Amino acid sequence: HFLAAILPLLTPTAVVHWTDFAADHELPECARTRRFLEGACGGCHVLHCAKAGSSSVAARQYRVTVDFRLSDAGPRGASVHPAGLPLRGSQRKRVED
511 HFLAAILPLL TPTAVVHWTD FAADHELPEC ARTRRFLEGA CGGCHVLHCA KAGSSSVAAR
571 QYRVTVDFRL SDAGPRGASV HPAGLPLRGS QRKRVED
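Anchor point for the sequence shown: position 14 equals 524 in the numbering used here, and the numbering is continuous, going up by one each time.
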């Protein structure tokens, strides 16, 4: 219901960060999640799909994240990963004296 509610509010280049669950045999393609999203959106464009974290949530089950948008503005358009985006604190390399 959530996806159906937000779709009419999205601009063509808005990026949605979707979270789902996938079995280990579905990785890294996440085909079931992709089919669900593309069916619900009428052919949205998946930009990224990957396992979120390294630990399983149940036996051979993982949390996955999918970034998608309604139109194809390129695989890595400016709205997804701007060039020169600064790393957040937890992403920075630690420098030890």
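From the three backbone atoms N, C-alpha and C, an ideal C-beta is built for every residue, glycine too. Note that the structure is a prediction, hence the values are computed from the model and not measured.
Classification of residue i by the beta-carbon crowding that lies within 10 angstroms, buried from 16 upward
| i | result |
| --- | --- |
| leucine 547 | buried |
| proline 514 | The question names proline, yet the displayed sequence has alanine at residue 514. It counts as exposed. |
| arginine 579 | buried |
Helix, strand or coil at residue i according to DSSP, with G and I counted as helix
| i | result |
| --- | --- |
| histidine 558 | strand |
| arginine 586 | Per-residue confidence for arginine 586 stands at a pLDDT of 49, beneath the threshold of 50, marking its modelled position as unreliable; the derived number appears in the next sentence. Of the three classes helix, strand and coil, the one that applies to arginine 586 here is coil, per DSSP. |
| glycine 563 | coil |
| proline 522 | coil |
| leucine 547 | helix |
Opposing strand residues paired with residue i [DSSP bridges]
| i | result |
| --- | --- |
| alanine 568 | Gln571 |
| arginine 579 | His555 |
| threonine 529 | Thr575 |
Nearest residue (CA-CA) to residue i, options the options
| i | options | result |
| --- | --- | --- |
| aspartate 577 | His555, Ser566, Leu513 and Ala568 | His555 |
| tyrosine 572 | Leu557, Cys540 and Ile516 | Cys540 |
| alanine 524 | Leu557, Ala568, Ser565 and Phe531 | Leu557 |
| serine 565 | His527, Ala532, Trp528 and His511 | Ala532 |
Problem - Validate contact between the segment 555-562 and the segment 514-521 using beta carbons, cut 8 Å, 3 pairs - result: no
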